[in-house]
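Asks: The structure follows.
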Amino acid sequence: MINNYLALSIVLFCLGILGVVSRRNVFVVFMAIELMLNAANLGFVAVSRLHVNMDGHVLALMVMAVAAAEAALALAVIILLHKHKGNLDTNIFSLLKG
Amino acid sequence: MLATYLFFGLALLAVLGALGLILFKHPMNGAMSFVVTLISLAGLYALLSAKLIFAIQLIVYAGAIMSLILFIIMFLNIQERDLPIDSNRWFYLAGGIIVVAPIAGLMIKIAKSLPEEHPELIDGFGDVKTVGHLLFTEWLLPFEIVSILLLVALVGAVVLAGKRGVN
């Protein structure tokens with residue numbers, strides 16, 4: 001039972017990695033990162049059900065708060081980059097390249 | 001076994017939504033299919049009897065964060081010609097699958113080797129009251145740190161995006 005939940009969490013995390021690797025649209029990359037956070041949350045909650053211990057729920061709450069903070073900041077950065085470059089391509093955003 | 005059928009249905013929806021996210025060309029379509037993934041994950045939390053996490057997943061993730069992302073996507077008014085040319089997307093996707101698939105297979109094998117037991121629930125497992133009690137006793141310091149992090153993110157977002165006359 002719990003094994004299936006953990007397997008689903010692994011599959012979702014790997015799909016998130018594939019999204020980050022294969023896409024160049026900055027929105028899709030950002031949402032793929034959110035997908036990986038969600039997969040980690042599912043793992044926390046599943047193991048918490050296995051051990052009948054609610055620490056995993058609290059950790060999932062913390063991850064959601066961090067994801068909300070990350071969303072606010074990342075979207076502000078995306079707006080700024082779009083204003084400066086007029087583009088959504090992650091390859092254009094290589095400002096720190098030496 | 002209703003719970004098993006529900007699990008497989010929701011898991012299928014979640015994986016299909018994630019596939020849609022990484023395969024759709026326009027970020028709007030990707031965001032809509034990601035909402036499907038988030039809502040089916042909320043259903044899975046309910047199946048795991050995590051009632052508080054279920055509600056917060058629906059309100060914060062599927063509600064607040066996704067509507068913020070959708071708002072920004074619509075705000076930037078992205079047309080078909082503004083999208084980056086993902087010409088070698090399938091090449092990178094194939095490379096990623098070759099790297100990730102063995103690791104995923106190994107980890108799924110490890111997950112399958114866990115004990116199959118399904119322990120009995122204690123009273124009030126995953127309730128607002130019990131999780132909140134845990135949050136304000138054992139996890140008090142991380143909770144305060146997260147509140148400071150949210151404040152910093154709020155101020156940072158206002159400073160970054162609220163500037164007038166950047167050029």
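Those protein sequences? They're chains X and Z, same order as listed.
For the first sequence, position 42 (counting from the first letter as 1) is numbered 42 according to the numbering used here, and the numbering increases by one without interruption.
For the second sequence, position 137 (counting from the first letter as 1) is numbered 137 according to the numbering used here, and the numbering increases by one without interruption.
Where is the CB? At the ideal position from N, CA and C, for every residue including glycine.
Keep in mind it's a predicted model, so treat the numbers as computed, not measured.
1. Residues in the same chain with beta-carbon distance under 8 Å from Q57 (chain Z), minus the five sequence neighbours each way, listed in chain order, please.
2. Taking the C-alpha atoms as reference points, what is the distance between S49 (chain Z) and L12 (chain X)?
3. Which of the three DSSP states is assigned to D55 (chain X) in this structure?
4. Using the beta-carbon of each residue, which ones in chain Z are nearer than 8 Å to M31 (chain X)?
5. So which residues of chain Z does L95 (chain X) contact, with C-beta pairs closer than 9 Å?
6. Using a Cβ-Cβ cut-off of 9 Å, state whether A76 (chain X) counts as contacting chain Z.
7. Out of X:A74, X:M64, X:L95 and X:I92, which one is the CA nearest neighbour of F158 (chain Z)?
8. Specify the secondary structure class of N77 (chain Z) as computed by DSSP and reduced to three states.
9. Among X:L88, X:S94 and X:M62, which residue has its Cα nearest to the Cα of F30 (chain X)?
10. Where does the unbroken alpha helix (DSSP H) through E117 (chain Z) begin, and where does it stop?
11. Exposed or buried, what is V155 (chain Z) when buried is set at 16 or more other beta-carbons lying within 10 Å of its beta-carbon?
12. Contact criterion: CB-CB distance below 9 Å. Does L6 (chain Z) meet it with respect to chain X?
13. What does the Cβ neighbour count give for I122 (chain Z), buried or exposed, with the cut at 16 atoms within 10 Å?
14. Could you tell me which residues DSSP pairs with D127 (chain Z) in its beta bridges?
15. Are the Cβ atoms of P84 (chain Z) and N91 (chain X) separated by less than 9 Å?
16. For K168 (chain Z), I'd like the list of residues in its chain whose CB is within less than 7 Å of its CB, leaving aside the five on either flank, ordered along the chain.
17. For N25 (chain X), which three-state DSSP category applies?
18. Going along the chain, which residues of its own chain have a beta-carbon closer than 7 Å to the beta-carbon of K51 (chain Z), five neighbours each way excluded?
19. Using a beta-carbon distance cut-off of less than 7 Å, what residues from the region 131-146 of chain Z approach chain X?
20. Sort out for me which residues DSSP pairs D82 (chain Z) with in a bridge.
21. Rounding to the nearest angstrom, what Cα-Cα distance links I2 (chain X) and K83 (chain X) in this structure?
22. Using a Cβ-Cβ cut-off of less than 9 Å, give me the residues of the region 49-65 of chain X that come near chain Z, in sequence order.
Replies: The relevant details are as follows:
1. As a working note, residue 57 (chain Z) is residue 57 in the second sequence. Same-chain partners within the cutoff: L38, L41, A42 and Y45.
2. Position 49 of the second sequence, counting from 1, holds the residue named residue 49 (chain Z). Position 12 of the first sequence, counting from 1, holds the residue named residue 12 (chain X). Taking the straight line from one Cα to the other gives about 21 Å.
3. Stepping through the first sequence from its first residue, residue 55 (chain X) is reached at position 55. Looking at D55 (chain X) - three-state DSSP - the assignment turns out to be helix.
4. Residue 31 (chain X) sits at position 31 when you count from the first residue of the first sequence. What M31 (chain X) touches in chain Z: L21, P27, G30, A31, F34 and I69.
5. Here the question's residue 95 (chain X) lines up with position 95 in the first sequence. Within 9 Å Cβ-Cβ: nothing; L95 (chain X) doesn't reach chain Z, min ~15 Å.
6. In the first sequence, counting from the first residue as 1, residue 76 (chain X) sits at position 76. Closer than 9 Å to some Cβ of chain Z, the Cβ of A76 (chain X) qualifies, so yes.
7. One-based indexing of the second sequence puts residue 158 (chain Z) at position 158. Per the sequence presented here, residue 158 (chain Z) reads as Val, with Phe not at that position. Of the candidates X:A74, X:M64, X:L95 and X:I92, the one whose C-alpha sits nearest the C-alpha of V158 (chain Z) is X:A74.
8. As a position in the second sequence, residue 77 (chain Z) is number 77, starting the count at 1. Coil at N77 (chain Z), not helix or strand.
9. Taking the first sequence and counting its residues from 1, one reaches residue 30 (chain X) at position 30. Nearest C-alpha to F30 (chain X): X:L88.
10. Residue 117 (chain Z) sits at position 117 when you count from the first residue of the second sequence. Counting along the chain, no alpha helix (DSSP H) covers E117 (chain Z), and no H or E run does either.
11. For the purposes of this step, residue 155 (chain Z) is identified with residue 155 of the second sequence, where counting begins at 1. Looking at its Cβ environment, which holds fewer than 16 other Cβ atoms inside 10 Å, V155 (chain Z) is exposed.
12. The sequence position of residue 6 (chain Z) within the second sequence is 6, counting from 1. Taking Cβ atoms only, chain X never reaches closer than 9 Å to L6 (chain Z), which makes this a no.
13. Here residue 122 (chain Z) is taken as the residue at index 122 of the second sequence, counted from 1. It counts as exposed.
14. Locating residue 127 (chain Z) in the second sequence gives position 127, counting from the first residue. DSSP lists no partner for D127 (chain Z).
15. Within the second sequence, numbered from 1, the residue matching residue 84 (chain Z) stands at position 84. Within the first sequence, numbered from 1, the residue matching residue 91 (chain X) stands at position 91. The criterion of a C-beta distance shorter than 9 Å is satisfied by P84 (chain Z) and N91 (chain X).
16. Only positions 1 to 167 of chain Z appear in this structure, which leaves residue 168 (chain Z) out of reach.
17. As a first step, residue 25 (chain X) is located in the first sequence; it is residue number 25 there, counting from the start. It is a strand residue.
18. As a working mapping, residue 51 (chain Z) is identified with position 51 in the second sequence. Excluding positions up to five away in sequence, the list reads G126 and D127.
19. When C-beta distances to chain X are compared with 7 Å, the residues of the region 131-146 of chain Z below that value are V131, L134, L135, W139, P142 and V146, in chain order.
20. Within the second sequence, numbered from 1, the residue matching residue 82 (chain Z) stands at position 82. D82 (chain Z) is not bridged to any residue.
21. As a position in the first sequence, residue 2 (chain X) is number 2, starting the count at 1. As a position in the first sequence, residue 83 (chain X) is number 83, starting the count at 1. Answer to the nearest angstrom: the Cα atoms are 46 Å apart.
22. Listed by position along the chain: R49, L50, H51, V52, M54, D55, G56, H57, V58, L59, A60, L61, M62, M64 and A65.
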